[in-house]
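Enquirer: Going line by line, the protein sequences match chains W and B.
If you read the first sequence in full-length UniProt numbering, its first letter stands for residue 1, the second for the next number, and so on.
If you read the second sequence in full-length UniProt numbering, its first letter stands for residue 1, the second for the next number, and so on.
Take this structure, written in structure tokens, and hold onto it; I'll ask about it next.
2 protein chains.
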Amino acid sequence: MGKKLTFNEDPRLLSEREPRLSPGDTSPLNQLCAICNDKATGKHYNVISCDGCKGFFRRSVRKNQKYACRYGRSCTVDREKRNHCRYCRLKKCFRAGMRKEAVQNERDRISSRRPSFEEPADVSGLSVQLLLRAELASRQIDSTRLGSREADVADRRVATHADVFDSMKQQLLILVEWAKCIPAFLQLCLEDQIALLRTHAGEHLLLGASWRSRHLHGFVLLGNSSVVTRGAQGK
Amino acid sequence: MGKKLTFNEDPRLLSEREPRLSPGDTSPLNQLCAICNDKATGKHYNVISCDGCKGFFRRSVRKNQKYACRYGRSCTVDREKRNHCRYCRLKKCFRAGMRKEAVQNERDRISSRRPSFEEPADVSGLSVQLLLRAELASRQIDSTRLGSREADVADRRVATHADVFDSMKQQLLILVEWAKCIPAFLQLCLEDQIALLRTHAGEHLLLGASWRSRHLHGFVLLGNSSVVTRGAQGK
DNA sequence: CCCAGTCCACTGTACATTTCG
DNA sequence: ACGAAATGTACAGTGGACTGG
Ligand SMILES: [Zn+2]
Ligand SMILES: [Zn+2]
Ligand SMILES: [Zn+2]
Ligand SMILES: [Zn+2]
């Protein structure tokens, strides 16, 4: 069958090695899972079992799961019903001799999945110049659209919850306009644009508030002239 | 060749699982539902389709539904009209290649998605007082452990990449010590503690650098007395 | 190979919202 | 008007493909 070439099976990297024929065709994998009777893939945690039961046992032990049977604690566990009751499946794993000591701790990510291949990483279109230009451009857009002027000290009031939400909404809108002024951002597909903004919206809000409040003492100034102080809350 | 024939490859169940993609083989998932043309979320029951059609097919097969068309059995099925005629929608699912064998049996119950909606949210043990106390406590620990003194202006140098990584590592260790001084944090289970710190490590680093640099102009001061300037990079 | 591990496409369930009878 | 059923989104769980010692 046309097995797909994987990363380290590049023909140029391998000498023509004949697949070794196992003498007598003694396939050790013709056994059945001791838990669910599916085809076994070897010994797992001390028991001949399938990949499904292997994974199920590992996950259950790692998370120290306590399942409950909704029936009489005697559910049948076979390939088709093995997901019906996790209590009985796990019980059968232990009964069959699976040892939870054989489950190891989580390892580091390997992530050769997405090999990233030491790509030089295209940094064209990423410069402080462009960021500054985007900053200016977005500030223009925002000032015309939102009609915001410099925050007036006289306007300051202690922020209510609504003020906080309101300023977050406003700042997030500004964030989007700003991002759209960065050429490299626009080269991303829409999904990636959204994901990028979503994941780092928190950092942006924080950085904005930090900058805005850098010369103040004892309180944080939000984008809508309300301030957050220690402990106090606006009415 | 003896390819494994297990659960998903059982001819009665479906899903020819493709071998893992080799690098470079990007599948952007920007495809459309073969049934209704909505945005697809992957292959479902063997057909590139949307979540709506996926759920519709599963429910229909599980309950062995027999629908009837009230028109001419040739209704158009698209994003807007897909719910107009179940008969034609299901027919189109099968025509597109959805396999009812791929619909599995009901499984065990899983943990509740929204564990308890509007619970009063326990805020005892969450106060500015406690945070300030934690700040002081962690500062003591850090100063004895890391022997850090106030950053000396004379030590300042333009940060190399190594300086940046080094300061991040240092700040993250400080972050952990700080969190461990917050009583409410210690009440979380270890997994939640880790998750919380991981997700918001970025914000903490940002906030730390912002505070440290609040009176500086044109550069950011890192925790190890190195500074990041615009454009310049330490040798 | 063997058997630990990880990865991730694809299953499933939970439930707010919408539609139907 | 209202309860029951269907819909579709969000996320948890599964297991086969894969890596590594
Ligand atoms: Zn099994
Ligand atoms: Zn049971
Ligand atoms: Zn669809
Ligand atoms: Zn129809």
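By construction, the Cβ of each residue, glycine as well, lies at the ideal position given by its N, Cα and C atoms.
Being a predicted model, the structure only gives us computed values, none of them experimental.
Can you give the beta carbon distance from B/ASN224 to B/SER138, rounded, assuming they're within the 8 Å contact cut?
Expert: That belief does not hold up - the Cβ atoms of B/ASN224 and B/SER138 are roughly 18 Å apart, past 8 Å.
Enquirer: Starting from the N-terminal end, write out each residue whose C-beta falls within a distance shorter than 6 Å of any non-hydrogen atom of ligand 5.
Expert: The model on display carries ligand 1, ligand 2, ligand 3 and ligand 4 but not ligand 5.
Enquirer: Let me check understanding here. Comparing Cα to Cα, which of B/ARG86, B/VAL164, B/ALA195 and B/ALA201 lies closest to B/GLY55?
Expert: Considering only alpha carbons, the answer is B/ARG86.
Enquirer: For W/SER22, which three-state DSSP category applies?
Expert: Confidence in W/SER22 is poor, its pLDDT being 42 and thus under 50, which makes the residue's placement unreliable; the coordinate value appears in the next sentence. DSSP places W/SER22 in coil when its eight states are reduced to three.
Enquirer: Measuring straight from C-alpha to C-alpha, what distance separates W/LEU197 and B/ARG73?
Expert: Distance between the alpha carbons of W/LEU197 and B/ARG73 is about 45 Å.
Enquirer: Determine the burial state of B/ARG79: buried for a count of at least 16 other Cβ atoms within 10 Å of its Cβ, exposed for fewer.
Expert: B/ARG79 is exposed by the Cβ-count criterion.
Enquirer: Is the Cβ of B/VAL228 closer than 8 Å to any Cβ of chain W?
Expert: With 8 Å as the cut-off, B/VAL228 does not count as an interface residue toward chain W.
Enquirer: Measuring straight from C-alpha to C-alpha, what distance separates W/ARG58 and W/VAL103?
Expert: Looking at the two C-alpha atoms, the distance is approximately 6 Å.
Enquirer: Please list, in chain order, all residues with a C-beta atom less than 6 Å from at least one heavy atom of ligand 4.
Expert: This criterion selects B/CYS69, B/TYR71, B/ARG73, B/CYS75, B/CYS85, B/TYR87 and B/CYS88.
Enquirer: At a CB-CB cut-off below 9 Å, which residues of chain B make contact with W/VAL158?
Expert: What W/VAL158 touches in chain B: nothing, since even the nearest Cβ is about 15 Å away.
Enquirer: In the structure shown, what three-state DSSP assignment does W/SER210 receive?
Expert: Residue state, collapsed to three classes: helix.
Enquirer: For a contact meaning CB atoms closer than 8 Å, what does B/SER210 contact in chain W?
Expert: Going along chain W in sequence order, the residues near B/SER210 (Cβ under 8 Å) are LEU206, LEU207, SER210, TRP211 and ARG214.
Enquirer: Residue range of the alpha helix (DSSP H) that W/SER226 falls in?
Expert: Looking at the DSSP string, W/SER226 is not in any alpha helix (DSSP H); the run it does join, the beta strand (DSSP E), is 226-229.
Enquirer: Are there any heavy atoms of ligand 3 lying less than 7 Å away from the beta-carbon of B/ARG82, as far as the coordinates show?
Expert: Yes, the beta carbon of B/ARG82 sits closer than 7 Å to at least one heavy atom of ligand 3.
Enquirer: In angstroms with no decimal places, state the Cα-to-Cα distance between W/GLN187 and B/LYS39.
Expert: W/GLN187 and B/LYS39: Cα-Cα distance of roughly 21 Å.
Enquirer: In the structure shown, what three-state DSSP assignment does B/HIS44 receive?
Expert: Looking at B/HIS44 - three-state DSSP - the assignment turns out to be strand.
Enquirer: Using only the alpha-carbon positions, how far apart do B/SER226 and B/ALA209 sit?
Expert: Whole-angstrom Cα-Cα distance: 11 Å.
Enquirer: Can you give me the Cβ contacts of W/ILE182 inside the same chain, cut-off strictly under 6 Å, excluding the 5 residues immediately before and after it?
Expert: Correct list, in chain order: ALA134.
Enquirer: Mind listing the chain W neighbours of B/ASP108? Cutoff is C-beta to C-beta under 7 Å, in chain order.
Expert: Simply ASN83, HIS84, CYS85 and ARG86.
Enquirer: By DSSP, does B/LEU197 sit in helix, in strand, or in coil?
Expert: Of the three classes helix, strand and coil, the one that applies to B/LEU197 here is helix, per DSSP.
Enquirer: Output yes if chain W places a C-beta closer than 8 Å to the C-beta of B/GLU135; else output no.
Expert: No, B/GLU135 does not count as interfacial toward chain W.
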